[in-house]
Structures are given as structure tokens and as C-alpha cells.
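Take a look at the structure set out below.
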Amino acid sequence: MQRGTAQRGFATHGHSARAVIRELLVHGPLPRAELARRLRLSPAALTRVTRELLDTAAIRPSSSAPSGTGGRPGTPLEVVLEEHEMVGLKVTGDEVYGVRTDALGQVRAGAKRHLDSTDVPAVTATIVELVKEVTGDAPVEGVGIGLAGAMARFDDRVRQSLYLGWDDVPLAAEVERACGVPTVISNDVRALTAGVHWSGPARGQDDFAVVTTGVGVGLGLVMEGRNIAGSSGKAGMIGHQRLGESGPLCSQGHRGCVEAYLTSAAITGAVAVAHSDPSMTLDRVCLLADAGDAAARRALGDAASALGVVIAGLVNTLDLPTVILAGDGLPAVMRAQPQLESSLTGHLDRNATLPDIKFLVSDFDEWARGAAVVACQWLLLEPPPSARSHGNRGRPQHGRNRDRPSQAAAVGA
Ligand SMILES: [Zn+2]
């Protein structure tokens with residue numbers, strides 16, 4: 003299905019117009035004067051830009067404005083979210099989750115597929131099938147794929163993905179070629195963080211962290227409105243901080259580090275030993291803890307204490323007002339919330355401000371949703387040539403260079 007002739011994808015607009023769209027997505031409806039102030043545009047320049055965006059149905063007078071006031075300069079403007087759709091995917095070691103979202107990452111359709119193999123051709127074929135299924139007839143503008151690995155913020159390759167055993171795989175070009183939609187690859191925790199930032203519990207906040215627990219311990223970090231990837235895509239390795247001289251070993255051989263207590267394997271391993279039951283699962287640990295089992299409660303308490311140390315370290319270092327906890331291991335660790343709180347307060351600098359801790363319990367659709375937000379951010383901040391010159395459905399394109407620092411403005415992205 004083609005768009006109407008009056009409508010264009012986000013990426014086809016110029017720099018100032020895309021900046022207006024970003025401001026409205028991140029902050030919600032704003033009047034023209036406020037947009038001009040935030041973007042340092044003259045009233046005349048802003049009028050030119052907003053006229054183009056109104057004419058192409060990228061924005062409209064806010065639906066919350068009284069009827070009949072749409073043309074007045076003071077009327078807030080908003081993005082036409084439902085006319086600009088993205089696809090987001092989260093790839094785990096054995097499943098792929100896909101969603102189609104509006105421009106803010108709000109889910110409109112979803113599906114998932116099991117992976118029988120982690121071979122590149124098999125996983126790529128599954129990803130392409132899923133993109134086509136959730137897209138249906140909708141004219142989506144971009145595809146974002148989140149998976150574990152050392153990817154740049156907007157990457158075209160999968161790099162050092164341990165769960166899949168992949169490195170330097172040009173996945174974006176393959177998916178673009180098969181689906182005809184510009185595609186971007188991102189680290190999965192940073193994608194989750196992008197979704198949390200634009201339309202989740204951190205909406206409107208410029209400084210926060212997302213700490214995930216599950217197979218590993220992950221960190222997504224937004225500072226001054228920018229989602230931090232680090233110089234080589236590896237920012238956020240917080241799982242191996244040493245907690246003491248003794249304790250269990252982590253998967254990398256450290257004794258008594260955070261991951262040695264906090265990962266799902268660490269928790270189930272500790273309870274498996276106590277019960278002489280090697281088939282222990284995290285669900286079973288939760289049932290045992292709920293029934294008062296001492297070993298299960300101790301393992302979850304140790305995990306929660308380790309998480310408290312991680313949060314305290316982040317807040318001491320970065321002065322973060324909000325920390326969001328997420329991941330498939332979180333429901334188990336939440337059972338030991340008192341230990342988490344006492345460990346956090348016990349490790350905070352006495353001059354630090356106690357952060358607001360939020361619990362984001364979700365399935366992997368939330369991670370896929372975040373990848374859709376990454377796709378939208380990419381089209382607005384660093385639109386690829388194919389999306390700029392050919393509207394929504396461009397040829398596969400190359401040349402995104404992970405070593406090239408972004409020249410784009412950091413506003414709310
Ligand atoms: Zn370790």
C-alpha cells in the first residue's frame with residue numbers, strides 16, 4: 003500500500019523539520035513559540051518548517067486544542083503518530099519477537115517465532131518472515147533489530163553477539179534487501195532503554211539508567227537526553243564488579259562478582275546445590291521462596307543485594323535521579339526488595355540523593371518496541387540515503403560507519 007501523495011516518511015524531511023518532529027515526539031504537543039525557542043529557529047524559519055510538516059500530514063494541531071483554534075499560532079502542534087509506523091524486533095538465543103508500532107513505539111501489532119537454529123541464514127529468514135507478518139499492508143518507514151552485542155548506536159552489523167555466536171554479520175543489508183525497508187541494528191538493552199525513554203516509565207526524563215537482570219546483567223544509560231553507547235558500542239558492562247573476596251564464580255571466572263549472584267543461572271545454581279537438584283529453574287526458585295524455603299530466599303536475597311550495589315555505584319558516579327529495573331530475571335529478584343533497598347542505602351554516598359526506583363515487569367515485546375523507537379530515532383537523526391531520496395521504501399544501502407561520530411543534534415534522542 004502506498005501513502006497518499008501528500009504524505010512522506012520522516013526521513014525525507016530536512017534537518018530542521020526532523021528536529022521539530024523529534025521535539026514533539028519526546029516532549030508531546032508544543033506551541034510554535036516554544037518550538038522556536040527550543041530549536042533556536044527564527045519565527046519565520048519555524049513557520050516555513052511547520053507549514054511543510056502540516057502540508058505533508060507529519061504534524062497537526064494538537065487534538066487537545068479547542069476546535070476551531072488549529073490555525074492560531076498559540077495552538078500546540080503534535081506528530082501524527084499513527085501515520086508513521088515502524089517495526090521493531092528483539093532476537094534472543096531461541097526466539098524472535100516482532101512488533102509494529104506508531105512513531106512513539108506504541109504497539110499496534112505483534113508476533114513471535116521460535117528459532118530452531120542460530121545459523122545466520124536461518125535466523126535472517128525468520129526475521130524477514132516476522133517483519134513481513136507484523137508489517138502486513140502497513141507502509142512502515144523503518145525496521146529496528148535489537149540483540150545482544152557490541153553495536154554502535156545505529157549500526158548496520160551484528161557485532162560480538164555471544165548468544166548467537168555471531169560477529170560482523172551485515173544483517174541490516176540482508177533485511178533491507180528482502181523487505182525493502184531501511185533497517186538498523188542496535189544493542190538490545192539500549193533499544194529497551196530507547197523505548198522506556200520515548201513512551202515508557204522514563205518519558206520526559208533526560209537522565210536515567212535501565213538495569214536489566216536475566217541471562218546477564220545489562221545497563222542502558224541516558225545522560226542529558228542521549229542514549230550512551232560508548233566509543234566502541236560496549237558501554238554498560240556493569241556485571242563484574244567485585245563484591246567480596248569469597249563467593250561463587252561467574253561465567254568469566256571472577257569470584258564473588260555481581261554476576262556470580264545476580265544472573266538467573268547464578269540464582270538457580272545456588273538453589274540447585276542446596277537442594278541437590280540440577281534441574282532447578284527460576285520459576286521453581288520463586289515457588290520455593292514463596293513457600294519459605296531458606297536456600298531460595300537466601301539466593302534471591304544475595305541477588306537483590308548485588309543489584310543494590312550496582313544501583314548505588316551508578317548513582318554515586320552519575321547522580322541519576324531515576325533507575326528503572328527490568329529483564330526477565332526481575333520478578334524473582336523483586337521478591338527480595340527489602341534486601342535490595344538496604345544494600346542500596348548501605349552503599350550510597352551519604353551526600354548522594356536516593357534515586358526513584360521503578361520496576362518494569364514485561365515480556366520481550368517491550369524490548370522489540372524499543373527497537374522500533376531506535377528505528378524512528380535513526381530516521382530522524384541519521385537518515386540513510388535510501389530513506390531520504392526514495393521515501394519510505396528504499397534500496398538496501400551501505401556506508402554507515404560505526405567509527406564516524408554522529409554530527410546530529412542530541413535533542414531528546
Ligand atoms: Zn564476573
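So the mapping is simple: this note's numbering equals the position in the sequence shown, first residue as 1, plus 2. The beta carbon of each residue, even a glycine, is placed where N, CA and C say it ideally should be.
Pair within 8 Å by beta-carbon distance, residue i and residue j
i           : j           : result
residue 181 : residue 114 : no
residue 183 : residue 142 : yes
residue 176 : residue 126 : yes
residue 9   : residue 52  : no
residue 331 : residue 284 : yes
residue 268 : residue 250 : yes
residue 163 : residue 151 : yes
residue 361 : residue 327 : yes
residue 243 : residue 335 : no
residue 116 : residue 97  : yes
residue 253 : residue 261 : yes
residue 211 : residue 325 : yes
residue 224 : residue 241 : no
residue 79  : residue 45  : no
residue 309 : residue 264 : yes
residue 55  : residue 200 : no
residue 144 : residue 92  : no
residue 29  : residue 206 : yes
residue 187 : residue 153 : yes
residue 23  : residue 60  : yes
residue 120 : residue 366 : no
residue 155 : residue 192 : yes
residue 306 : residue 298 : no
residue 389 : residue 11  : yes
Neighbour-count burial assignment, residue i, 16 or more Cβ in a 10 Å radius
i           : result
residue 356 : exposed
residue 15  : buried
residue 13  : buried
residue 19  : buried
residue 170 : exposed
residue 293 : exposed
residue 386 : buried
residue 239 : exposed
residue 63  : buried
residue 124 : exposed
residue 289 : exposed
residue 185 : buried
residue 81  : buried
residue 319 : exposed
residue 226 : exposed
residue 190 : buried
residue 233 : exposed
residue 394 : Low local confidence applies: a pLDDT of 48 at residue 394 is under 50, so the model's placement there is unreliable, with the coordinate-based value given in what follows. Residue 394 comes out buried.
residue 358 : exposed
residue 255 : exposed
residue 352 : exposed
residue 99  : buried
residue 159 : buried
Limits of the alpha helix (DSSP H) - the one that residue i falls within
i           : result
residue 23  : 17-29
residue 177 : 173-181
residue 51  : 45-57
residue 350 : It is not in any alpha helix (DSSP H) - residue 350 carries neither H nor E in the DSSP assignment.
residue 367 : 367-383
residue 335 : 332-335
residue 41  : 34-41
N- and C-terminal bounds of the beta strand (DSSP E) containing residue i
i           : result
residue 63  : 61-63
residue 149 : 144-149
residue 361 : 358-361
Using 8 Å as the cut-off, can you tell me whether the stretch 361-377 makes contact with the stretch 195-202, which would need three or more C-beta pairs spanning the two stretches below that distance? Touching, per the Cβ criterion.
Could you give the uninterrupted runs of the alpha helix (DSSP H) lying entirely in the stretch 184-233, keeping only those of 4 residues or more? Listed in chain order, the alpha helix (DSSP H) runs fully inside the stretch 184-233 are 190-201, counting runs of at least 4 residues.
In the stretch 269-328, which residue ranges form an unbroken beta strand (DSSP E) of at least 3 residues, counting only runs that do not cross its ends? Fully enclosed beta strand (DSSP E) runs of 3 or longer: 324-328.
Do the stretch 360-372 and the stretch 91-103 make contact, defined as three or more Cβ pairs closer than 8 Å? In short, these stretches touch, since the Cβ pair count reaches three.
Could you check whether the stretch 324-342 touches the stretch 167-176, counting it as contact only if at least three pairs of C-beta atoms, one from each stretch, sit closer than 8 Å? With a cut-off of 8 Å on Cβ pairs, the stretch 324-342 is not in contact with the stretch 167-176, counting fewer than three such pairs.
Please specify which runs of the alpha helix (DSSP H), each continuous and at least 4 residues long, are wholly inside the stretch 70-129, giving them in chain order. Here no run is fully enclosed.
Identify every run of the alpha helix (DSSP H) within the stretch 229-267, keeping only runs that are complete inside it and at least 4 residues long; order them along the chain. Listed in chain order, they are 261-264.
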